[in-house]
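These protein sequence lines are chains C and Z, in that order. Taking the working numbering, I'd label the letters of the first sequence as residues 1 to 247. Taking the working numbering, I'd label the letters of the second sequence as residues 1 to 236. We treat Cβ as the ideally placed atom computed from N, Cα and C, and that holds for glycine. Just so we're clear, the structure is a prediction, and the values are computed from it rather than from any experiment. Read through the structure below, which is laid out as structure tokens, and then see the notes.
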Amino acid sequence: MTSQRARAEVDTIGRRLERQYPDSNDKVGVSFLPLHEYVVGDIRPVLLVLLAAVVVVLLIGRANVANLLLARATARAREVSIRTTLGASRQRLLRQLLTESVLLALLGGVLGLLLAVVAVPSLLALSPPDIRQFKQIGINRGVLAFSFLASVVCGVAFGRIPALQASRSNHNEFLKEGERGSTANRGRIRSALVIAEVGLSLVLLVGAGLLVKSFARLMDVNPGFDPDRLLTFNLALPSSTGFKRTT
Amino acid sequence: MIQLKNIERSYKTGAGQTWVLRRVNLEIQQGEFITVMGPSGAGKSSLLNVFAFLDDQWQGEYWFRGQAAHTKKRKERAELAKKNIGMVFQSYHLLDDLTVLENIDLPLSYKDIPRSHRQSLVADALDRFQIVAKKDLYPNQLSGGQQQLVGIARAVIHKPALLLADEPTGNLHSSQAREIMELFRDLNQQGTTIVQVTHSETNAAYGTRTIQLRDVWPVGDTANPTMEPSDAAVNR
Numbered sequence: 001m002t003s004q005r006a007r008a009e010v011d012t013i014g015r016r017l018e019r020q021y022p023d024s025n026d027k028v029g030v031s032f033l034p035l036h037e038y039v040v041g042d043i044r045p046v047l048l049v050l051l052a053a054v055v056v057v058l059l060i061g062r063a064n065v066a067n068l069l070l071a072r073a074t075a076r077a078r079e080v081s082i083r084t085t086l087g088a089s090r091q092r093l094l095r096q097l098l099t100e101s102v103l104l105a106l107l108g109g110v111l112g113l114l115l116a117v118v119a120v121p122s123l124l125a126l127s128p129p130d131i132r133q134f135k136q137i138g139i140n141r142g143v144l145a146f147s148f149l150a151s152v153v154c155g156v157a158f159g160r161i162p163a164l165q166a167s168r169s170n171h172n173e174f175l176k177e178g179e180r181g182s183t184a185n186r187g188r189i190r191s192a193l194v195i196a197e198v199g200l201s202l203v204l205l206v207g208a209g210l211l212v213k214s215f216a217r218l219m220d221v222n223p224g225f226d227p228d229r230l231l232t233f234n235l236a237l238p239s240s241t242g243f244k245r246t247t
Numbered sequence: 001m002i003q004l005k006n007i008e009r010s011y012k013t014g015a016g017q018t019w020v021l022r023r024v025n026l027e028i029q030q031g032e033f034i035t036v037m038g039p040s041g042a043g044k045s046s047l048l049n050v051f052a053f054l055d056d057q058w059q060g061e062y063w064f065r066g067q068a069a070h071t072k073k074r075k076e077r078a079e080l081a082k083k084n085i086g087m088v089f090q091s092y093h094l095l096d097d098l099t100v101l102e103n104i105d106l107p108l109s110y111k112d113i114p115r116s117h118r119q120s121l122v123a124d125a126l127d128r129f130q131i132v133a134k135k136d137l138y139p140n141q142l143s144g145g146q147q148q149l150v151g152i153a154r155a156v157i158h159k160p161a162l163l164l165a166d167e168p169t170g171n172l173h174s175s176q177a178r179e180i181m182e183l184f185r186d187l188n189q190q191g192t193t194i195v196q197v198t199h200s201e202t203n204a205a206y207g208t209r210t211i212q213l214r215d216v217w218p219v220g221d222t223a224n225p226t227m228e229p230s231d232a233a234v235n236r
């Protein structure tokens with residue numbers, strides 16, 4: 001049953017009861033909430049924003065690593081040229097360079113997981129205590145699978161550019177004495193990566209700034225009473241005590 | 001073995017073209033030991049790059065062991081080079097993070113050779129060049145002469161028909177240079193065709209034929225004394 005249908009049915013029942021027992025049920029409605037939403041509340045959009053921020057951070061990190069790999073590829077142009085001269089095919093070089101970048105990414109993934117193992121309990125200690133599902137957060141099989149997949153995809157996606165660059169360069173330029181070969185093309189890709197990094201960082205910073213601003217405004221809202229030294233609590237009155245409705 | 005007909009090479013520069021080789025006509029027989037000489041910028045290394053198929057932007061005809069290399073695709077030329085050509089460089093170009101043994105094995109690793117056969121070939125080469133004791137060392141633990149020895153072992157491990165050497169003794173002192181040149185002479189006597197580029201008259205004396213280049217034009221050839229020195233150069 002969909003939640004809409006359930007809501008409609010409960011509404012109908014509520015109206016029927018209101019007609020049937022106008023004394024006790026007048027102006028009493030029924031509200032309907034899925035259990036999940038009742039427990040988690042309206043935290044979903046916040047978590048989605050957080051996830052988007054994490055993805056952006058990951059992209060910034062990868063762009064940074066791709067940049068470093070490109071710098072390394074420039075330094076390794078001599079090696080690639082020597083290997084080409086000795087008979088390495090382009091596919092073979094690509095395979096070698098990609099294997100290296102995927103291994104690097106996997107190593108990064110493992111380090112990230114280790115960091116997560118250490119950091120998750122401390123972060124959870126900061127979480128609001130009334131959201132029980134936070135207690136389930138931890139390193140499980142799903143997290144491991146996702147980390148593995150993300151590492152491999154990042155390794156291939158961001159290792160490809162430097163690998164292609166290195167295998168395409170003009171090899172005899174790097175074998176000549178005292179020459180470093182052309183780096184103009186590499187410069188362009190690196191500029192593009194830096195631009196992407198700065199752009200993504202800006203998005204993240206603006207988002208964080210807006211969040212801080214909203215929070216500050218929220219704290220400034222006048223609730224219409226002095227919240228100082230005020231205690232709030234919920235009370236549930238038993239239905240059989242014979243209280244009569246007065247409004 | 002090699003025949004070059006009207007080989008020319010130029011680079012496009014901002015305004016026009018810069019020539020690095022002009023109208024090179026050359027025939028090299030199997031078993032020759034050729035020295036290419038000339039001042040810096042004369043086109044010596046460019047000519048060597050053409051020989052090695054490291055450069056494929058030239059015009060003209062290049063016949064290699066009866067095959068028309070000028071009609072072949074880049075990949076086919078690379079295959080031809082892989083099978084037939086070994087290269088020795090002035091600065092050795094060994095891979096720093098590989099041991100002597102791994103460096104020598106590198107060209108074989110790019111061929112379809114069974115591991116056991118590869119190992120025996122490498123062992124033979126280490127033996128032949130008397131560097132068995134150095135096999136587990138890294139290039140930076142060797143002297144210049146030893147590094148060049150490894151470079152040569154690597155270049156001839158797959159028994160190439162043509163050995164190309166670009167200033168092979170340029171970074172070595174004279175006694176090491178002599179050893180390397182004697183090694184080249186031995187290799188040549190065992191049947192390897194060698195083309196070396198050098199500034200040194202002493203090294204040139206090991207060769208059987210000298211080709212002179214000047215200002216990107218061939219201007220002299222000891223095998224062809226009647227060659228008009230720069231008949232074309234005059235008409236530039």
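Check: contact_flag[the stretch 50-65 of chain C, the stretch 199-206 of chain C] where n(CB pairs < 8 Å) is 3 or more; Outcome: yes
Check: Own chain, CB closer than 7 Å to Val156 (chain C), minus 5 neighbours either side, in chain order; Outcome: Leu98 and Val102
Check: Status (buried if at least 16 other CB within 10 Å, exposed otherwise) for Ile249 (chain C); Outcome: Given that chain C is displayed from residue 1 to residue 247, the structure contains no residue 249 (chain C) and the question cannot be resolved.
Check: Cβ-based neighbour list, Thr183 (chain C), same chain, cut-off 7 Å, excluding 5 preceding and 5 following; Outcome: Because the pLDDT at Thr183 (chain C) is just 47, under 50, the model does not fix this residue reliably, and the value given afterwards should be weighed accordingly. Here the set comprises Thr74.
Check: Contacts around Ile13 (chain C), its chain only, beta-carbon distance under 8 Å, and the 5 residues preceding and following it disregarded; Outcome: Val30
Check: Chain-ordered neighbours of Leu162 (chain Z) on chain C, where CB pairs are closer than 9 Å; Outcome: Those do not exist, as Leu162 (chain Z) stays about 14 Å from chain C at its closest Cβ, beyond 9 Å.
Check: Interface flag, Thr85 (chain C) vs chain Z, CB-CB below 8 Å; Outcome: yes
Check: Chain C contact residues for Lys5 (chain Z), given Cβ-Cβ distances below 9 Å; Outcome: Chain C residues near Lys5 (chain Z): none, gap ~22 Å exceeds 9 Å.
Check: Phe158 (chain C) - containing alpha helix (DSSP H), residue span; Outcome: Arg141 to Arg168
Check: For Glu239 (chain Z), the first and last residue of its enclosing alpha helix (DSSP H); Outcome: In the structure as shown, chain Z starts at 1 and stops at 236, and residue 239 (chain Z) therefore has no counterpart that could be examined.
Check: Within-8 Å CB hit, Pro225 (chain Z) to chain C; Outcome: no
Check: Integer Cβ distance of Phe158 (chain C) from Ala66 (chain C), believed to fall under 8 Å; Outcome: 4 Å
Check: Contacting positions in the stretch 57-82 of chain C - beta carbon closer than 9 Å to chain Z; Outcome: Arg78, Glu79, Ser81 and Ile82
Check: Own chain, CB closer than 8 Å to Ser45 (chain Z), minus 5 neighbours either side, in chain order; Outcome: Asp166 and Val197
Check: Residue-chain proximity (Ala88 (chain C), chain D), Cβ-Cβ < 8 Å; Outcome: This model lacks chain D altogether; the protein chains it does include are C and Z.
Check: Beta-carbon neighbours of Lys111 (chain Z), restricted to chain C and to distances below 8 Å; Outcome: Gly87
Check: Contacting residues, own chain, Cβ-Cβ under 8 Å from Thr232 (chain C) (five flanking each side not counted); Outcome: none
Check: Given His93 (chain Z) as reference, the closest of Z:Ala161, Z:Leu80 and Z:Gln148 once Cα atoms are compared; Outcome: Z:Gln148
Check: Under 7 Å from the C-beta of Lys82 (chain Z): neighbouring residues of chain C; Outcome: Gly87
Check: Proximity test, Cβ basis, 8 Å: Ser182 (chain C) and chain Z; Outcome: Caution is warranted here: a pLDDT of 44 is assigned to Ser182 (chain C), below 50, making its placement in the model unreliable, and no coordinate value can be reported.
Check: Buried or exposed by the 16-neighbour rule on C-beta atoms within 10 Å, applied to Gln146 (chain Z); Outcome: buried
Check: Separation of Pro128 (chain C) from Pro227 (chain C), as counted between CA atoms; Outcome: 20 Å
Check: Chain C contacts from the stretch 76-108 of chain Z (Cβ-Cβ distance under 7 Å); Outcome: Lys82, Met87, Phe89, Gln90, Ser91, His93, Leu95, Leu106 and Pro107
Check: Span of the beta strand (DSSP E) around Pro218 (chain Z); Outcome: Trp217 to Asp221
Check: Neighbour flag for Leu54 (chain Z) against chain C, beta carbons, 8 Å; Outcome: yes
Check: Chain-order list of residues whose beta-carbon lies under 8 Å from that of Tyr138 (chain Z) (same chain, five-residue window excluded); Outcome: Asp96, Asp97, Leu98, Thr99 and Val100
Check: Inter-residue Cα distance where the pair is Gln130 (chain Z) and Gly191 (chain Z); Outcome: 20 Å
Check: At least three beta-carbon pairs within less than 8 Å, the stretch 63-80 of chain Z to the stretch 216-227 of chain Z; Outcome: no
Check: Nearest-angstrom Cα separation, counted from Val194 (chain C) out to Asn64 (chain C); Outcome: 8 Å
Check: Nearest-angstrom Cα separation, counted from Asp11 (chain C) out to Met1 (chain C); Outcome: 15 Å
Check: Chain Z residues whose Cβ lies nearer than 8 Å to that of Arg92 (chain C); Outcome: Tyr110
Check: Under 8 Å between C-beta atoms of Glu27 (chain Z) and Gln3 (chain Z); Outcome: yes
Check: Expected contact under 8 Å - CB spacing of Arg209 (chain Z) and Glu32 (chain Z) to nearest Å; Outcome: 6 Å
Check: Environment of Thr18 (chain Z) [buried if 16+ CB atoms lie within 10 Å]; Outcome: exposed
Check: Neighbourhood of Asn171 (chain Z) by C-beta distance below 7 Å, restricted to the same chain and skipping five residues each side; Outcome: Gln90, Ser91 and Gly144
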